[in-house]
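Inspection log for the structure reproduced underneath, given as structure tokens.
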Amino acid sequence: MQSKTVLTYHSQGFPTNWDLNPYRGCTIGCRYCFAQYSHKYLGLDDFFKDILVKTNAADCLANELRRKKWNREQIKIGGTTDLYQHIEKKYELLPKIYDVIKRYKTPIFLQTKSTLILRDFEIIRELSKVTAVDISTSISTFDESIRKVVEPGASPAIERVEMLAKFRGVCRSTTLGFMPIIPYLSDTDINLDTTFRYAKEYGIDNVVTSFLFLRGAVKPKFLALIKDHFPDVYPALSRLYETSTLDVSYSRDINKKLEKLRSKYNLYGVYSPVTITDQSEQLSLFNNI
Ligand code: SF4
Numbered sequence: 008m009q010s011k012t013v014l015t016y017h018s019q020g021f022p023t024n025w026d027l028n029p030y031r032g033c034t035i036g037c038r039y040c041f042a043q044y045s046h047k048y049l050g051l052d053d054f055f056k057d058i059l060v061k062t063n064a065a066d067c068l069a070n071e072l073r074r075k076k077w078n079r080e081q082i083k084i085g086g087t088t089d090l091y092q093h094i095e096k097k098y099e100l101l102p103k104i105y106d107v108i109k110r111y112k113t114p115i116f117l118q119t120k121s122t123l124i125l126r127d128f129e130i131i132r133e134l135s136k137v138t139a140v141d142i143s144t145s146i147s148t149f150d151e152s153i154r155k156v157v158e159p160g161a162s163p164a165i166e167r168v169e170m171l172a173k174f175r176g177v178c179r180s181t182t183l184g185f186m187p188i189i190p191y192l193s194d195t196d197i198n199l200d201t202t203f204r205y206a207k208e209y210g211i212d213n214v215v216t217s218f219l220f221l222r223g224a225v226k227p228k229f230l231a232l233i234k235d236h237f238p239d240v241y242p243a244l245s246r247l248y249e250t251s252t253l254d255v256s257y258s259r260d261i262n263k264k265l266e267k268l269r270s271k272y273n274l275y276g277v278y279s280p281v282t283i284t285d286q287s288e289q290l291s292l293f294n295n296i
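Given below as structure tokens:
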């Protein structure tokens, strides 16, 4: 597929306002994925199988950065769909995109559930010498029997932590997104503790957390999956999501546990986006080397 543009601006975006998605659709296949709704606007049915590949993504990016007289704001690559989903093995779009990023010295935020990112380790290491690169992975559970059901195409959770640890000291920051926390599946005391313990043991800079969010057509599909695979959990979980917002007393209790774990592991890092000033300082540091 030939695209005209690849950068999308989100006024409320986090951690950046700019997104670049080389693919539409995602083979990682997380059953809770709320990006699934976006496929209907493309007239496609299966978000996990009908994948659009922006084969000219690097050229588009170069054109856009040139036209916009880019002032090196941070770009999140793979904000809506995973940049290192399986198909990237075949298309190898990322190395070409990194080439453009390097030319424009623009900071980037990479978030992936795949260890395929290690294929580009050396390229990312070189890129980190000229601009800020932040790396993140999100993990819901270290229980592989649950992970295989809810995130069937993701790399095993422990491999994702090991992957993040490899980028320690190479990139500006490493972030473990403990998300989504799925009530009664990934909020067990053992999973909460394991997540923070691994983050500490592997020297991850930040842990950010977020609860499962269900909306639109994803909600009944996800609840049906839970009913099939975890029938004991289904009644309580579906009760929690009877309305569109998660029950407040539930989230308050879990948040208290999360705070205790931050204190237990002395792990208070939360992600801070790169600002334009940070970049200028960082580049002047590089220039002095
Ligand atoms: S990796 Fe991200 S985009 Fe892909 S299916 Fe999972 S949640 Fe959706």
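Numbering (the numbering used here), first residue to last: 8 to 296. Heads up, the beta-carbon is just placed ideally off N, CA and C, and yes, glycines get one too. The structure presented is a predicted model; accordingly, all values stated were derived computationally and were not measured.
Validate contact between the region 33-43 and the region 99-109 using beta carbons, cut 8 angstroms, 3 pairs: no
Fully enclosed by the region 195-261, which beta strand (DSSP E) runs are 3 residues long or longer? 213-218
Do you know whose CA, among ALA231, VAL215 and ASN213, lies nearest LEU221's CA? ALA231
When ARG269, ASP127 and PHE237 are compared against GLU95, the one with the closest alpha-carbon: ASP127
Going by other Cβ atoms of all chains shown within 10 Å of its Cβ, with 16 needed for buried, is ARG154 buried or exposed? buried
Find out if the Cβ-Cβ distance for the pair ALA64, PRO29 is shorter than 8 angstroms. yes
LYS109 versus VAL140 - alpha carbon distance: 11 angstroms
Who sits around ligand 1, taking every residue whose Cβ is closer than 6 angstroms to one of its heavy atoms? CYS33, ILE35, GLY36, CYS37, CYS40, ALA42, THR88, ASP89 and LYS120
Closest residue to VAL281 among SER180, ASN213, LYS47 and ASN70 (Cα-Cα distance): SER180
From the DSSP secondary-structure annotation, give me the bridge partner or partners of PHE185. ILE146 and THR216
What span of residues does the beta strand (DSSP E) with ILE115 cover, start to end? 115-118
Are the beta-carbon atoms of TYR310 and ALA172 separated by less than 8 angstroms? Beyond the ends of the chain as shown, which are 8 and 296, falls residue 310; an answer cannot be given.
Do ASN213 and PHE149 have their CB atoms nearer than 8 angstroms? no
Just mark ALA243 as buried or exposed, buried being the case when its beta carbon has 16 or more other beta carbons within 10 Å. exposed
Going by DSSP, which residues form a beta bridge with ILE84? LEU27 and LEU117
Cβ of LEU219 within 8 angstroms of Cβ of PRO238? no
From THR250 to SER217, what does the alpha carbon distance come to, in whole angstroms? 18 angstroms
Return the CA-CA distance between SER45 and ASP53, expressed in angstroms with no decimal places. 11 angstroms
Using a Cβ cut-off of 8 angstroms (strictly closer), state whether ILE94 contacts chain C. Note that chain C does not occur in the displayed structure, where there is just one protein chain.
Start and end of the alpha helix (DSSP H) containing LEU171? 164-173
Go through its chain and collect everything with a Cβ distance to LEU292's Cβ below 8 angstroms, but skip five positions before and after it. With a pLDDT of only 46 at LEU292, under the threshold of 50, the placement of this residue in the model should not be trusted; the figure read from the coordinates follows. Taken in chain order, the list of residues that qualify is empty.
LYS61 and MET8 closer than 8 angstroms at C-beta: yes
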